[in-house]
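Chemist:
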Amino acid sequence: MSKNFGLKVGLCLIIALFATTPFSNVSNAIVSLPITENTFSQTGELIQAFNGNMSDTSIIRGDTIYFYATLANLGDQSVTVISLNAEFVHAENSTQFNRRYTVEFDRDHRSIGPEDSFTATMEEVITNAEASYYVSIFFVAENVYDESSDFGPPALNYTAVEDVLVSVVDLGSSSNVIIGIGITFGVIVLIVIGIIVYGWLKEKLSKRKY
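In terms of this note's numbering, the sequence shown is residues 36 to 245.
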């Protein structure tokens, strides 16, 4: 293979690189971690939340994530459950990135009878900015066993799991575009070098036969 041919091949590959890089995109390595059953409850209370869980902790922005939790009523009165919530708190305390996802329950289907439990699921599209977050999953329910209030049962938070470390990656962010361009360019340069070296070796070996 002549040097001119090698240069032509290299030029064609570089042109192909710049033709395709506007569409190049490489994300951080996303590993889908198995979620173990997390248990957290207010010990000693008649209303307890536990088994807080989520479908993934490595999230691409725009993904749909499922949140789960169970609320138990250990007393002898009916408990009204208002909502299930997942709160994302920025790991570096940038409060403007914090976000709470909430599902409120139908008034006709949100009571837990005595010595009964209620397992809820929430489906949410995650729109947080790219960052790491601590996630807590909790119910808001009326504590009918609190007789200290003059205005009816107070609505309290019952946490099923707290401070689960979650990462959110935005595939459209500029940092990932730059990384994608750099990796693509590096791969193409290695291919060009490989083709040129292969052609040079092939030419040398063919000359030795004569």
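Just so you know, even glycine gets a beta-carbon here, dropped at the ideal spot from N, CA and C.
Could you tell me if residue 64 is buried or exposed, where buried requires 16 or more neighbouring beta carbons within 10 angstroms of its beta carbon?
Modeler: No answer about residue 64 holds up, because its pLDDT of 34 lies below 50 and its placement is not dependable.
Chemist: From the DSSP output, read off the bridge partner residues of residue 177.
Modeler: As DSSP reads the structure, residue 177 sits in a beta bridge with 190.
Chemist: Output the distance between the C-alpha atoms of residue 205 and residue 168, rounded to the nearest integer angstrom.
Modeler: So the alpha carbons of these two residues sit roughly 14 Å apart.
Chemist: Flag residue 175 as yes when its Cβ comes closer than 7 Å to any non-hydrogen atom of the ligand HEM, and as no otherwise.
Modeler: As far as ligands go, the structure on display features none, and thus does not contain the ligand HEM.
Chemist: From the DSSP secondary-structure annotation, give me the bridge partner or partners of residue 125.
Modeler: 168
Chemist: Run through DSSP, which three-state label would residue 140 get?
Modeler: coil
Chemist: Quick check on residue 190: buried or exposed, where buried means 16 or more other Cβ atoms within 10 Å of its Cβ?
Modeler: exposed
Chemist: Check each candidate in 147, 110, 116, 202 and name the one with the smallest Cα separation from residue 100.
Modeler: Taking only the C-alpha atoms, the option nearest residue 100 is 202.
Chemist: Going by C-alpha distance, which of 194, 150, 148 is nearest residue 84?
Modeler: 194
Chemist: So, under 8 Å CB-CB, residue 135 and residue 127 are touching, yes? Tell me the CB distance rounded to an integer number of Å.
Modeler: Their Cβ separation, rounded to whole angstroms, is 18 Å, which puts residue 135 and residue 127 out of contact at 8 Å.
Chemist: Which residue from 217, 102, 81 puts its Cα closest to that of residue 196?
Modeler: 102
Chemist: Am I right that residue 140 and residue 117 are in contact with their C-beta atoms under 8 Å? What's the rounded C-beta distance?
Modeler: 7 Å
Chemist: Name, in chain order, the residues that DSSP records as bridge partners for residue 103.
Modeler: Listed as beta-bridge partners of residue 103 by DSSP are 88, 156.
Chemist: Name the residue from 172, 108, 180 whose alpha carbon lies nearest to the alpha carbon of residue 148.
Modeler: 108
Chemist: Skipping 5 residues on each side, what residues in its chain have a beta carbon closer than 8 Å to that of residue 162?
Modeler: Within its own chain, the residues whose Cβ lies closer than 8 Å to the Cβ of residue 162, once the five positions on either side in sequence are excluded, are 96, 97, 134, listed in chain order.
Chemist: Could you check if residue 218 is buried or exposed, using at least 16 other CB atoms within 10 Å of its CB as the buried criterion?
Modeler: exposed
Chemist: Do you know how far the Cα of residue 221 is from the Cα of residue 232?
Modeler: Distance between the alpha carbons of residue 232 and residue 221 is about 16 Å.
Chemist: Below 8 Å between beta carbons: does that hold for residue 120 and residue 179?
Modeler: no
Chemist: Is DSSP giving residue 238 helix, strand or coil here?
Modeler: helix
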